[in-house]
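Each number in this note's numbering corresponds to the 1-based position in the sequence shown with 1 added. Virtual Cβ for every residue (Gly too), placed ideally from N, Cα, C. Everything below concerns the one structure shown next.
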Amino acid sequence: MEQIIAIGRRKRATAQVILREGKGNITVNGKNPKDYFGRDDFLKYIELPFHTIKSDIQFDAIVTVNGGGLSGQAGALALGIARALLRVNPEFRKSLKSKGLLKRDPREKERKKYGKAKARKSFQWTKR
């Protein structure tokens, strides 16, 4: 198997994933994911696509992530890994889809409107 490239996005974050056969190592922007993200829930979400497929083959993932915050980057990374795994073997589709890993999360921050404090919050109302 040669290397497979896939892209995942969430909020304002983009993750480019390069998947190869290997020992199961993940590298995020040249760092260990534990050092990069620091939180266990992000790490579990990133590794979820690998645990879902239950494959004999181990994969190494080299990831370049930019934009957004850590939560968006973790979501983008999980989507990128799932898409790459789907290119490796289309039979993984059923298990990945059942966990909701193939759908891009469309929620983004709503823009601020004029005359408002935030997107929907109004300024404090005073009677006199």
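The beta carbon of GLN59 is closer than 8 Å to those of GLU22, GLY23, LYS24 and GLY25 in its chain, skipping five residues each way along the sequence. Unbroken alpha helix (DSSP H) runs of no fewer than 4 residues, entirely contained in the segment 7–84, are found at 34–38 and 41–54, following chain order.
Counting the other Cβ atoms within 10 Å of the Cβ of GLY69 gives 16 or more, which makes it buried.
For GLY76, the closest C-alpha among the options ARG13, GLY39, GLU92 and LYS98 is that of ARG13. Rounded to the nearest angstrom, the Cβ distance from LEU78 to ALA7 is 11 Å, too far for a contact under 8 Å.
The shortest C-alpha to C-alpha distance from THR53 to any of GLY116, LYS100 and GLN4 is the one to LYS100. Fewer than three beta-carbon pairs drawn from the segment 33–52 and the segment 105–120 are found closer than 8 Å, and the two stretches are therefore not classed as touching.
In this structure, the alpha-carbon of LEU103 lies about 11 Å from that of PHE93.
Where LYS98 is concerned, the enclosing alpha helix (DSSP H) starts and stops at 94–99. The alpha-carbon of SER56 is positioned some 10 Å away from that of LEU86.
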